[in-house]
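With full-length UniProt numbering, the residue at position 258 of the sequence shown is 258, and numbering never jumps.
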Amino acid sequence: MVSYTATLDSVLSDHLKDSKITKSTSKTNQNDILECMYKVYIEKIKREIDKARFLSLQADETTDDRTAMGLTNVLKEELNCFGLKEKLIAQAYDGAAVMSGSRNEVQSLIKEVYPNADYVHCYAHQLNLVLKKVCLSNKRVRTFFSSLSGFGVFFTSSPKRNDLLREITFKQVPRVCETRWNFRSKIVTCIKENKTKIVKCFNKIINDKGWDDTSVWQSVGFKKCLEDLEFNFFLPFFYSILKHVDVLYNILQSSNSNTITIKEAFEKFGFSINFVRNSITNNVSIIMDRFLTIAKKCMKTE
1 MVSYTATLDS VLSDHLKDSK ITKSTSKTNQ NDILECMYKV YIEKIKREID
51 KARFLSLQAD ETTDDRTAMG LTNVLKEELN CFGLKEKLIA QAYDGAAVMS
101 GSRNEVQSLI KEVYPNADYV HCYAHQLNLV LKKVCLSNKR VRTFFSSLSG
151 FGVFFTSSPK RNDLLREITF KQVPRVCETR WNFRSKIVTC IKENKTKIVK
201 CFNKIINDKG WDDTSVWQSV GFKKCLEDLE FNFFLPFFYS ILKHVDVLYN
251 ILQSSNSNTI TIKEAFEKFG FSINFVRNSI TNNVSIIMDR FLTIAKKCMK
301 TE
């Protein structure tokens with residue numbers, strides 16, 4: 001955690017490199033800090049649980065233990081201290097067989113202990129799956145998002161580059177989360193709203209002395225990417241689409257949502273996407289009409 005933060009903060013990075021007194025990076029120090037954070041967090045959760053009438057459980061898979069029994073034991077151990085026998089009325093996971101299977105899988109094993117906890121395939125996860133499948137089904141869209149992910153890696157992997165970016169844009173380009181496709185909206189928004197300033201960053205790296213060769217040639221490549229016609233078509237397109245995905249995703253994740261608000265959210269989402277689609281169709285028609293008009297004038301001139 002400290003090492004990752006250092007990639008975003010040049011002051012901390014310099015401290016870790018040069019400090020001769022203490023760096024607070026020993027396993028003991030880090031474990032003590034994490035244990036304190038955990039205790040404070042658990043106490044806050046307990047207070048919220050005491051106030052709630054009903055509760056639901058939502059969990060992701062872990063790479064530490066992918067067996068149904070192993071995952072169930074972890075969940076049961078965490079839940080035991082909260083006294084949720086009657087309060088727990090739902091459990092939501094992704095659609096993986098180990099989580100959602102009806103026999104001897106996580107949801108069925110949890111239901112044996114908490115009989116009121118009915119299983120629901122997480123709607124937010126389903127939204128991610130749909131978005132991922134749609135985007136990966138088109139080669140050009142795959143190329144766009146692949147290029148887009150490189151911006152975050154380029155800046156966050158170097159404190160010097162990151163400092164330059166924040167100096168010029170007052171922003172930070174986020175890394176792409178491979179398992180959460182809706183998170184790509186953050187980097188799309190960042191690039192779309194700060195494109196001119198980001199180009200300025202690349203120009204500074206290319207033209208100023210003191211930058212390493214890797215930074216220079218990668219800046220040349222990223223600058224060309226920002227000037228590419230196809231990239232500049234998809235950038236505003238997904239900027240328009242993903243902000244509506246964000247709204248829907250946040251509603252699906254909200255503890256205040258219910259069947260009525262979710263139904264309304266899907267209806268608004270459908271209306272918004274159709275509006276974007278019709279806007280693009282109209283713009284293409286306008287462009288084609290202008291192109292044909294110019295072409296006819298050129299033919300008459302000849």
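Glycine included, C-beta positions come from ideal geometry on N, C-alpha and C.
My output table needs one value for residue i: the three-state DSSP class, helix, strand or coil.
i	result
N124	Correcting the residue identity first, residue 124 is Ala in this sequence and not Asn. In this structure, A124 counts as helix in the three-state DSSP scheme.
L55	strand
Y38	helix
D32	helix
D50	helix
K85	coil
S257	coil
C225	helix
W217	helix
T67	coil
R103	coil
C135	helix
R277	helix
G210	coil
V173	coil
Could you work out which residue in the options is closest to residue i when comparing CA atoms only?
i	options	result
D246	L16, S272 and T259	S272
F231	K27, C36, L88 and K195	K195
residue 311	D228, T259 and I205	Because the chain here runs from 1 to 302, residue 311 falls outside it and cannot be looked at.
F170	E193, V74 and Q126	E193
K186	N80, H244 and K263	H244
N274	S26, K39, I241 and Y249	I241
K51	V173, G83, D208 and R277	G83
V11	K268, D163 and F234	D163
N278	K263, F237 and I262	F237
residue 308	R140, G152 and L71	Nothing about residue 308 can be reported from this structure: the residues present for the chain run from 1 to 302 only.
N13	S158, R175 and G270	The sequence given here places Ser at residue 13; Asn does not occur at that position. Nearest C-alpha to S13: S158.
F155	T214, T259 and P115	T214
G150	S137, R175 and E35	R175
Y114	N258, T143 and T72	T72
G221	F233, N258 and I198	I198
A90	L57, K44, G70 and M69	L57
K200	T189, K139 and K224	K224
S147	E35, E227, R47 and T7	E227
T189	K209, N207, E167 and F145	F145
E78	H15, A92 and I42	I42
residue 308	G70, K139 and S108	No answer is possible for residue 308: the residues shown for the chain start at 1 and end at 302.
Y93	K87, R103, M69 and Y119	Y119
S254	A124, D18, G70 and D9	A124
T67	T143, V98 and I191	V98
S26	L136, S3 and T7	S3
N138	D9, T259, F234 and N31	F234
R103	V74, N31, C135 and M69	M69
Could you check whether the Cβ of residue i sits closer than 9 Å to any Cβ belonging to chain D?
i	result
Q107	In the displayed structure, chain D is absent; only one protein chain is listed.
Need the endpoints of the beta strand (DSSP E) that residue i sits in, please.
i	result
Q91	L88 to Y93
Where do the ends of the alpha helix (DSSP H) carrying residue i lie?
i	result
T169	P159 to T169
Y249	L229 to Q253
S146	K139 to T156
E112	V106 to V113
T189	R184 to E193
Bridge partners for residue i per DSSP, in chain order?
i	result
D118	A90
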